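Notes follow the structure.
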């Protein structure tokens, strides 16, 4: 357990990358959207997708964190299992903290300031904000954790199989998605898919992501067990 805590502390030393940069990116997007909304002659609500910036950053940090710290950690005699568990603990704590803050900002935007005076809804988004505070936190937490694991898996593939392996992985992923798209179109399933999304709430989809995230983490761990430094 001490080694797992040491991995978390190793990550936490990079305060800029883990704790400050996500908010710099998010609030930069927010300020731009706020400035634009202030000069738009729009009477209706303005809803943007700028909130996605912090979620995309989670995927990026999943790639970068493994690439930068894995060789260093093994050089300090950290076991691969401890490195993996420490990484999962770090991103879980970070995702939980960010999710709580985003939920608070959503409440302020939707109930206290009401669109920042310009009818801008950057944090308080429809569909996502339909439930109570706890459900919103679950949604934010689940999505961030899932995107981080996607990035972590990509970095694990690169660490295990190298650049050529990453190329093959990318090509196979694109081919699989292309085939699935053609099958869905040929079978006429698009309407069923849209109906499926319409029949479920955001928190239901967030809960569906947890098994996928667990599978991604298990595959990543298996790859790291045989990865070279």
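Numbering (this note's numbering), first residue to last: 1 to 229. All C-beta atoms in this analysis are idealised placements derived from N, C-alpha and C, irrespective of residue type, glycine included. On a predicted model such as this, the values are computed, not experimentally measured, just so you know.
Could you spell out the range, first to last residue, of the alpha helix (DSSP H) harbouring residue i?
i: residue 9; result: 2 to 12
i: residue 45; result: Taken as a continuous stretch (DSSP letters only), residue 45 belongs to no alpha helix (DSSP H), as it is neither H nor E.
i: residue 111; result: From DSSP, residue 111 is part of no alpha helix (DSSP H); its letter is neither H nor E.
i: residue 198; result: 190 to 198
i: residue 22; result: 21 to 39
Using three-state DSSP, classify residue i as helix, strand or coil.
i: residue 212; result: helix
i: residue 54; result: helix
i: residue 121; result: strand
i: residue 234; result: Here the chain has residues from 1 to 229 only, and residue 234 is not among them.
i: residue 182; result: helix
Whole angstroms are fine: how far does the CA of residue j sit from the CA of residue i?
i: residue 2; j: residue 135; result: 33 Å
i: residue 85; j: residue 201; result: 31 Å
i: residue 132; j: residue 30; result: 23 Å
i: residue 210; j: residue 194; result: 21 Å
i: residue 15; j: residue 190; result: 44 Å
i: residue 160; j: residue 140; result: 30 Å
i: residue 82; j: residue 88; result: 10 Å
i: residue 72; j: residue 27; result: 32 Å
Below 7 Å CB to CB, which residues in the same chain sit around residue i once its five sequence neighbours on both sides are set aside?
i: residue 105; result: 123
i: residue 79; result: 3
i: residue 100; result: 137
i: residue 247; result: Residue 247 lies beyond the range of the chain shown here (1 to 229); nothing can be said about it.
i: residue 33; result: 48, 50, 120 and 122
Are the beta-carbon atoms of residue i and residue j separated by less than 7 Å?
i: residue 224; j: residue 156; result: yes
i: residue 151; j: residue 62; result: yes
i: residue 148; j: residue 90; result: no
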